[in-house]
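full-length UniProt numbering puts the first residue of the sequence shown at 1, with every later residue one more than the last. All C-beta atoms, glycine included, are put in the ideal place defined by N, C-alpha and C.
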Amino acid sequence: MMESGAPICHTCGEQVGHDANGELFAACHECNYPMCKSCFEFEIKEGRKVCLRCGSPYDEFETFILVHILENPFHLFVTRLFIYHLYANLCLLSPENLLDDVEKKESGNQSTMASHL
(Lines of atoms letter the chains of each structure in order from A; the text may use other names.)
(Lines give C-alpha, C1' and ligand atoms only; values in the text may rest on other atoms or scores of the structure.)
Protein backbone atom coordinates (compact mmCIF):
# COMPACT_ATOMS: atom_id res chain seq x y z
CA MET A 1 0.00 0.00 0.00
CA MET A 2 1.35 3.43 -0.95
CA GLU A 3 2.06 5.99 1.73
CA SER A 4 -0.36 8.90 1.27
CA GLY A 5 1.31 12.11 0.17
CA ALA A 6 4.57 10.38 -0.79
CA PRO A 7 5.88 11.59 -4.18
CA ILE A 8 5.68 9.11 -7.04
CA CYS A 9 8.57 8.68 -9.49
CA HIS A 10 7.57 10.17 -12.85
CA THR A 11 9.65 7.53 -14.64
CA CYS A 12 8.56 4.20 -13.10
CA GLY A 13 5.57 5.05 -10.87
CA GLU A 14 7.14 3.79 -7.62
CA GLN A 15 7.54 5.90 -4.47
CA VAL A 16 10.52 8.24 -4.60
CA GLY A 17 11.99 7.07 -1.28
CA HIS A 18 14.53 8.65 1.05
CA ASP A 19 18.23 9.43 0.86
CA ALA A 20 20.90 8.42 3.40
CA ASN A 21 19.92 11.39 5.62
CA GLY A 22 16.28 10.28 5.80
CA GLU A 23 15.11 13.15 3.58
CA LEU A 24 13.09 12.64 0.40
CA PHE A 25 15.44 11.74 -2.45
CA ALA A 26 15.83 14.54 -4.99
CA ALA A 27 17.52 13.81 -8.31
CA CYS A 28 17.51 17.52 -9.17
CA HIS A 29 18.17 19.99 -6.40
CA GLU A 30 16.89 22.87 -8.56
CA CYS A 31 13.31 21.73 -9.26
CA ASN A 32 13.00 18.61 -7.03
CA TYR A 33 11.82 16.50 -9.97
CA PRO A 34 10.24 13.36 -8.49
CA MET A 35 12.47 10.48 -9.58
CA CYS A 36 13.43 7.45 -7.49
CA LYS A 37 17.07 6.61 -6.86
CA SER A 38 16.93 3.52 -9.12
CA CYS A 39 15.72 5.57 -12.09
CA PHE A 40 18.26 8.30 -11.30
CA GLU A 41 21.07 5.71 -11.27
CA PHE A 42 19.80 4.40 -14.62
CA GLU A 43 19.78 7.94 -16.05
CA ILE A 44 23.38 8.49 -14.92
CA LYS A 45 24.50 5.10 -16.22
CA GLU A 46 22.96 5.96 -19.60
CA GLY A 47 25.06 9.14 -19.68
CA ARG A 48 22.33 11.70 -19.00
CA LYS A 49 23.69 14.60 -16.97
CA VAL A 50 20.79 17.05 -16.84
CA CYS A 51 17.35 17.07 -15.24
CA LEU A 52 14.49 15.86 -17.46
CA ARG A 53 12.20 18.65 -16.22
CA CYS A 54 14.29 21.82 -15.95
CA GLY A 55 17.51 20.95 -17.80
CA SER A 56 19.76 21.83 -14.85
CA PRO A 57 22.90 19.71 -14.57
CA TYR A 58 22.80 17.07 -11.86
CA ASP A 59 25.13 17.55 -8.90
CA GLU A 60 28.60 16.59 -10.20
CA PHE A 61 29.77 15.01 -6.94
CA GLU A 62 26.67 12.79 -6.65
CA THR A 63 26.88 11.67 -10.27
CA PHE A 64 30.63 11.04 -10.01
CA ILE A 65 30.14 8.80 -6.97
CA LEU A 66 27.19 6.96 -8.56
CA VAL A 67 29.00 6.34 -11.84
CA HIS A 68 32.14 4.99 -10.19
CA ILE A 69 30.28 2.78 -7.73
CA LEU A 70 27.99 1.43 -10.47
CA GLU A 71 30.95 0.61 -12.72
CA ASN A 72 32.88 -1.24 -10.03
CA PRO A 73 31.70 -2.06 -6.49
CA PHE A 74 35.36 -1.98 -5.39
CA HIS A 75 35.15 1.80 -5.81
CA LEU A 76 32.76 1.90 -2.85
CA PHE A 77 35.60 0.64 -0.66
CA VAL A 78 38.05 3.12 -2.19
CA THR A 79 35.54 5.97 -1.74
CA ARG A 80 35.03 5.13 1.93
CA LEU A 81 38.80 4.92 2.40
CA PHE A 82 39.22 8.32 0.71
CA ILE A 83 36.54 9.88 2.93
CA TYR A 84 38.21 8.40 6.03
CA HIS A 85 41.60 9.87 5.05
CA LEU A 86 40.01 13.21 4.19
CA TYR A 87 38.31 13.31 7.61
CA ALA A 88 41.56 12.33 9.37
CA ASN A 89 43.47 15.10 7.58
CA LEU A 90 40.80 17.68 8.41
CA CYS A 91 41.02 16.69 12.07
CA LEU A 92 44.79 17.21 12.02
CA LEU A 93 44.45 20.59 10.36
CA SER A 94 41.78 21.87 12.73
CA PRO A 95 42.88 23.93 15.76
CA GLU A 96 41.57 21.34 18.17
CA ASN A 97 41.50 17.78 16.91
CA LEU A 98 39.73 14.73 18.24
CA LEU A 99 42.79 13.43 20.12
CA ASP A 100 43.02 16.71 22.01
CA ASP A 101 39.35 16.51 22.98
CA VAL A 102 39.87 13.05 24.49
CA GLU A 103 42.98 14.18 26.39
CA LYS A 104 41.18 17.25 27.77
CA LYS A 105 38.37 15.12 29.12
CA GLU A 106 40.81 12.70 30.76
CA SER A 107 43.27 15.20 32.22
CA GLY A 108 41.30 18.43 32.43
CA ASN A 109 44.30 20.29 30.90
CA GLN A 110 44.48 22.25 27.68
CA SER A 111 46.55 20.36 25.15
CA THR A 112 47.51 20.93 21.54
CA MET A 113 48.81 18.64 18.84
CA ALA A 114 52.04 20.68 18.75
CA SER A 115 52.79 19.67 22.33
CA HIS A 116 52.84 16.01 21.25
CA LEU A 117 55.38 16.49 18.45
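DSSP three-state call for residue i: helix, strand or coil?
i	result
L81	helix
Using the Cβ count rule (16 or more neighbours within 10 Å means buried), how would you classify residue i?
i	result
V50	exposed
C36	buried
P34	buried
I44	buried
Y58	buried
If you compare alpha carbons, which of the options is closest to residue i?
i	options	result
S38	C28, F64, C9, D59	C9
G55	G22, Q15, A6, C28	C28
R53	G47, E30, T63	E30
D19	E46, A88, E62, Y84	E62
Among residues of its own chain, excluding the 5 on either side of residue i, which ones have a beta-carbon nearer than 6 Å to its beta-carbon?
i	result
N32	A26
C12	C39
E14	C36
P7	V16, P34
Per DSSP, residue i is paired with what?
i	result
H18	L24
P34	Answer is none; P34 lacks a bridge partner.
P7	DSSP, once it has assigned bridges, lists no residue as partnering P7.
For a cutoff of 7 Å on Cβ pairs, would you count residue i as touching chain D?
i	result
I44	Chain labels in this structure do not include chain D; a single protein chain is all it has.
Counting only the same chain and skipping the five closest in sequence on each side, list residues whose C-beta sits under 7 Å from that of residue i.
i	result
L24	P7, V16, H18
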